[in-house]
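Visitor: Okay, here's the structure, questions in a sec.
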Amino acid sequence: EAGVAQSPRYKIIEKRQSVAFWCNPISGHATLYWYQQILGQGPKLLIQFQNNGVVDDSQLPKDRFSAERLKGVDSTLKIQPAKLEDSAVYLCASRLTSGKSSYEQYFGPGTRLTVT
Amino acid sequence: AQSVTQLGSHVSVSEGALVLLRCNYSSSVPPYLFWYVQYPNQGLQLLLKYTSAATLVKGINGFEAEFKKSETSFHLTKPSAHMSDAAEYFCAVSESQGAQKLVFGQGTRLTINP
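Chains as they are written, first to last, in our numbering: chain A, 1 to 116; chain B, 1001 to 1114.
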């Protein structure tokens, strides 16, 4: 079974530029999460999707961050314009919605963003 | 609201020694609890989980954790450390129902001395 795929793995941009990250969850996983992990901290949830609908985006800085999950499969997270404090690893995770293992989230390798 | 506190941002043990990583949680509803491991430049891998069944949970790579409701703790242990255990470890809590989003602790970096 293929895991959660993310691209790119690394990205370096200047402040005020825009950037987009892509995530392909495990096949059949209806729930998708984006987390931000700043160096030295634990991951923090940015947004949660159930199929193509948003369940929780309370911690997403909506003035600069946006995310979508068209057709309930792949997802894209965008930052526009980027700030220095956006430097972090962006992790995508997916989860089954029902069934015995529905509580377990599977994480992708992450995208490391450096804003200069 | 839920929260997790990991005591000690850095733990160092000798190879073959006991590993103990501490985690305390706060939750207003019955929680699910998790330990994840993160190797450099990789995503998070689930070590073990507590989902209201047995309070002593066994995971991969010889790790185990015990859920103690009275102490609101979920400490991670391994009897004998191996060099390959060197990594960052995260404790996380989620609600047992609803959106089940994970709230993570700040992490504990485990170093193994030869």
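Beta carbons are placed, not taken as given, at the ideal position from N, Cα and C, and that holds for glycine.
Taking the continuous beta strand (DSSP E) assigned at A:ILE47, which residues delimit it?
Guide: Within the first sequence, the letter at position 47 stands for residue 47 of chain A. It spans 44–50 - the beta strand (DSSP E) in which A:ILE47 sits, taken as one unbroken run.
Visitor: Using C-beta distances below 7 Å, list every residue in its chain close to B:HIS1075, excluding the 5 sequence neighbours before and after it, in chain order.
Guide: Locating residue 1075 of chain B in the second sequence gives position 75, counting from the first residue. Here the set comprises LEU1020, LEU1021, ARG1022, CYS1023, ALA1065 and GLU1066.
Visitor: What's the call for B:GLU1071, buried or exposed, on a 16-neighbour Cβ count within 10 Å?
Guide: Start at 1 with the first residue of the second sequence, and residue 1071 of chain B comes out as number 71. Label assigned to B:GLU1071: exposed.
Visitor: Just checking my contact of B:VAL1093 with B:VAL1004 at CB under 8 Å: how many whole Å lie between their CB atoms?
Guide: Within the second sequence, numbered from 1, the residue matching residue 1093 of chain B stands at position 93. Within the second sequence, numbered from 1, the residue matching residue 1004 of chain B stands at position 4. Going by Cβ atoms, the distance from B:VAL1093 to B:VAL1004 rounds to 5 Å, so yes, they are a contact pair.
Visitor: Which one or two residues does DSSP pair with A:GLN6 in a beta bridge?
Guide: Taking the first residue of the first sequence as position 1, residue 6 of chain A is located at position 6. Paired residues: A:CYS23.
Visitor: Count the other CB atoms within 10 Å of the CB of A:LYS62; is the residue buried (16 or more) or exposed (fewer)?
Guide: Residue numbering aside, residue 62 of chain A sits at position 62 when the first sequence is read from its first letter. Label assigned to A:LYS62: exposed.
Visitor: Whole-angstrom Cβ separation of B:SER1052 and B:PRO1030, contact assumed at under 8 Å?
Guide: Your numbering for residue 1052 of chain B matches position 52 in the second sequence. Your numbering for residue 1030 of chain B matches position 30 in the second sequence. At roughly 6 Å, the Cβ-Cβ gap stays under 8 Å, so B:SER1052 and B:PRO1030 are in contact.
Visitor: Rounding to the nearest angstrom, what Cα-Cα distance links A:LEU32 and A:ALA93 in this structure?
Guide: Locating residue 32 of chain A in the first sequence gives position 32, counting from the first residue. Locating residue 93 of chain A in the first sequence gives position 93, counting from the first residue. Computed Cα separation, rounded: 6 Å.
Visitor: Can you pull the chain A neighbours of B:GLN1106, defined as C-beta to C-beta under 9 Å?
Guide: Walking along the second sequence from the start, residue 1106 of chain B turns up at place 106. By Cβ distance, chain A contributes GLY40, GLN41 and GLY42.
Visitor: If the criterion is Cβ atoms closer than 9 Å, does the pair A:SER7 and A:THR114 meet it?
Guide: As a working note, residue 7 of chain A is residue 7 in the first sequence. As a working note, residue 114 of chain A is residue 114 in the first sequence. Cβ atoms of A:SER7 and A:THR114: not closer than 9 Å.
Visitor: For the region 1029–1044 of chain B, which residues have a CB atom closer than 9 Å to at least one CB atom of chain A, in sequence order?
Guide: Residues passing the 9 Å Cβ filter: TYR1032, PHE1034, TYR1036, GLN1038, ASN1041, GLN1042, GLY1043 and LEU1044.
Visitor: B:PHE1090 touches chain A at which residues, Cβ-Cβ below 7 Å?
Guide: Translated into positions along the second sequence, residue 1090 of chain B becomes position 90. Ordered by position in chain A, the residues that pass the 7 Å Cβ test against B:PHE1090 are GLY42.
Visitor: Mind pulling the chain B residues with CB within less than 8 Å of A:PRO109?
Guide: What you label residue 109 of chain A is simply residue 109 of the first sequence in a count that begins at 1. The answer, in chain order, is ASN1041, GLN1042 and GLY1043.
Visitor: On the CB-based measure, 16 or more other CB atoms within 10 Å of its CB, does A:SER75 come out buried or exposed?
Guide: Here residue 75 of chain A is taken as the residue at index 75 of the first sequence, counted from 1. Buried is the call here.
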